[in-house]
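In what follows, a single structure is set out as structure tokens and then discussed.
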Amino acid sequence: MEPPFWNKEVETLPTRSLKKLQTEKLRNTLEVVYEKVLVYQKKFKETGVKPSDLRSLEDITKFPFTTKEDLFVDYPFGLLAVPLEEVIRVHTSSGTTGKPKAIFFSKKDIENSSELIARCLVMSGATRGDILQNSMTYGLFTGALVMHYGAEKVGILVIPAGPGNTERQIELMKTFGTTLIHMTPSYALYVASVILDKGLVPQRDLKLKTAYLGAEPYSEQTRRKIEEMLNINVFNCYGLSEMNGPGVGFECPYKEGLHIWEDNFLVEVVNPKTGEPLKEGEIGELVLTTLNREAMPLIRYRTRDLTRIIPEPCACGRTHVRIDRILGRSDDMFIVRGVNIFPQQIEEVLMGIKGVAQNYQIILENYDEMIVKVEIDREFFDGKIEKLLQLKSEITEKLRHVILVRPKVELVEPGTLPISEGKAKRVIDKRIL
Ligand code: ADP
Ligand code: ZN
-17 MEPPFWNKEV ETLPTRSLKK LQTEKLRNTL EVVYEKVLVY QKKFKETGVK PSDLRSLEDI
43 TKFPFTTKED LFVDYPFGLL AVPLEEVIRV HTSSGTTGKP KAIFFSKKDI ENSSELIARC
103 LVMSGATRGD ILQNSMTYGL FTGALVMHYG AEKVGILVIP AGPGNTERQI ELMKTFGTTL
163 IHMTPSYALY VASVILDKGL VPQRDLKLKT AYLGAEPYSE QTRRKIEEML NINVFNCYGL
223 SEMNGPGVGF ECPYKEGLHI WEDNFLVEVV NPKTGEPLKE GEIGELVLTT LNREAMPLIR
283 YRTRDLTRII PEPCACGRTH VRIDRILGRS DDMFIVRGVN IFPQQIEEVL MGIKGVAQNY
343 QIILENYDEM IVKVEIDREF FDGKIEKLLQ LKSEITEKLR HVILVRPKVE LVEPGTLPIS
403 EGKAKRVIDK RIL
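Residues -17 to 415 (the numbering used here) make up the sequence shown, in order.
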């Protein structure tokens, strides 16, 4: 039996009504930012557009983009569309250098982000009575808190575990009978390997049934590996702080792409170099406009995440658009011998090879060579050199076939590469850029 809907009327709104709703909400959002947000007033004037230039949804392309850099204009409050007294929460995203991006929520924004998470969780089959172990970082990040509030809205019992301390994570799962987990895929791989190393049998010793994995790109192979290791269902969960955090894109039980709630977001995919709109189905940069945000509406926000729109309607009956698994950020791509490579392509190959454990690292020392360090499975590591050489050559050949560059593969013992509890750092780029 298929899981029920949280908000069936909205989730299955006929496309025409959905487009009409989007047009109204978009017009309203454009008017608000033009009136209330200096940054947008200036941008619109420079581009020579006014909110009234929007007659149909397609006219969105006349309006200027918002980039990450724009979030630092009149920082930190420059993009607020409401008085500060109406803001009740701030989140930031990592911003590896300098100031973090600051995202503000009004009371309605918090309620709304919980509504969207509730739709996602119920879509995946979660219900009251489920127990969610939330192992994302609590604090400034959106990852944990936004999921937390949404799960509570459904009536799910939330264990605010936070990341790390794997022994404790497993104890919590056993003690409370955790049924759902929320963490990064790289950490899930690690937790799964520890569970199995301890001799636990997931279907016998744990009650886990579903994992919501996101916050970083991962491949279909990784999903399958985690599903098999833990005997659970893995749902891909995509989001970014600028758009509330988790729950922007979420898989339904068909797992053929991630639905985006279009009554809240207007979805575009553009050519990352030129900003020109792409045809449905073409891979490019995801651009999102908030349609329901009070404190900090964002127009045509350049996510830098690469994906494509899946144009076909989904068998689950939800009319909201789907995007494909995120290929990576445009800034994740690296070049070796003139070939564009995404870390996820490497992961996809590695996770499909028997004998490879959960951890790997890509090291770039010059522009001609890529070193891939791969941890091998404990079971596989029986000391027979020939077996190892065979594995090494299998990895090298399969990678070469996919990325068209022959990597230098180094096999390492299980447990030697750094473990990540949050977002994994897979690529160590030592080249001077
Ligand atoms: P930061 O931008 O500082 O990393 P966020 O926590 O907002 O902070 O991260 C959002 C980014 O994480 C997204 O833009 C995307 O690149 C990545 N991301 C999140 N979820 C997924 C997912 N399911 N698949 C791939 N990438 C993801
Ligand atoms: Zn669906």
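Where is the CB? At the ideal position from N, CA and C, for every residue including glycine.
Bounding residues of the beta strand (DSSP E) (the contiguous stretch that carries residue i)
i	result
alanine 193	192 to 196
isoleucine 328	That residue, isoleucine 328, is in no beta strand (DSSP E); its alpha helix (DSSP H) goes 325 to 333.
threonine 271	266 to 272
isoleucine 138	From DSSP, isoleucine 138 is part of no beta strand (DSSP E); its letter is neither H nor E.
isoleucine 163	162 to 165
valine 417	Past the edges of the chain, shown from -17 to 415, lies residue 417, and the structure says nothing about it.
leucine 393	390 to 394
glutamate 351	351 to 358
Beta-carbon spacing of residue i, residue j below 8 Å
i	j	result
isoleucine 385	isoleucine 328	yes
proline 228	valine 104	no
leucine 268	aspartate 287	yes
isoleucine 335	isoleucine 367	no
alanine 277	serine 96	no
glycine 107	proline -15	yes
serine 312	proline 254	yes
valine 331	leucine 393	no
valine 249	valine 303	yes
arginine 101	asparagine 274	no
methionine 333	valine 387	no
phenylalanine 217	threonine 256	no
glutamate 245	leucine 346	Inspection of the sequence shows that residue 245 is occupied by aspartate rather than by glutamate. Not in contact: aspartate 245 and leucine 346 (Cβ atoms no closer than 8 Å).
tyrosine 194	cysteine 219	yes
valine 338	isoleucine 358	yes
leucine 190	methionine 155	yes
glutamine 326	tyrosine 172	no
valine 64	isoleucine 85	no
aspartate 112	threonine 157	no
asparagine 215	glutamine 185	no
threonine -6	glycine 299	yes
glutamate 361	leucine 280	no
Three-state secondary structure (DSSP) of residue i
i	result
methionine 143	What sits at residue 143 in the sequence shown is alanine, not methionine. Residue state, collapsed to three classes: coil.
phenylalanine 363	coil
glycine 132	helix
aspartate 91	helix
histidine 241	strand
asparagine 10	helix
histidine 383	helix
isoleucine 344	strand
aspartate 112	coil
isoleucine 292	strand
threonine 259	First, the residue type needs correcting, since residue 259 is proline and not threonine in the sequence shown. DSSP places proline 259 in strand when its eight states are reduced to three.
glycine 373	It should be noted that the sequence gives leucine, not glycine, for residue 373. The answer is helix: DSSP assigns leucine 373 an H, G or I state.
aspartate 187	helix
isoleucine 401	coil
alanine 406	coil
arginine 304	strand
aspartate 179	helix
alanine 297	coil
Assigned exposure category for residue i - 16 Cβ within 10 Å defines buried
i	result
isoleucine 42	buried
alanine 126	buried
phenylalanine 247	buried
isoleucine 317	exposed
arginine 290	buried
alanine 297	exposed
serine 168	buried
isoleucine 70	exposed
proline 295	exposed
methionine -17	exposed
tyrosine 283	buried
proline 389	buried
tyrosine 200	buried
threonine 29	exposed
glutamate 403	buried
glutamate 153	exposed
histidine 241	buried
Identified DSSP bridge partners for residue i
i	result
histidine 73	Ile85
cysteine 219	Gly196 and Phe232
aspartate 287	Arg311
proline 65	DSSP output for proline 65 lists no bridge partner at all.
threonine 48	Tyr283
valine 251	Leu268
phenylalanine 59	Looking at the DSSP assignment, phenylalanine 59 forms no beta bridge with any residue, so it has no partner.
serine -8	Per the sequence presented here, residue -8 reads as valine, with serine not at that position. DSSP, once it has assigned bridges, lists no residue as partnering valine -8.
Range of the contiguous alpha helix (DSSP H) that encloses residue i
i	result
asparagine 226	Counting along the chain, asparagine 226 falls outside any alpha helix (DSSP H), and DSSP gives it neither H nor E.
lysine 24	20 to 29
lysine 207	202 to 212
phenylalanine 158	148 to 158
Interface flag, residue i vs chain C, CB-CB below 8 Å
i	result
threonine 49	Of the chains in the structure shown, none is chain C; there is only one protein chain.
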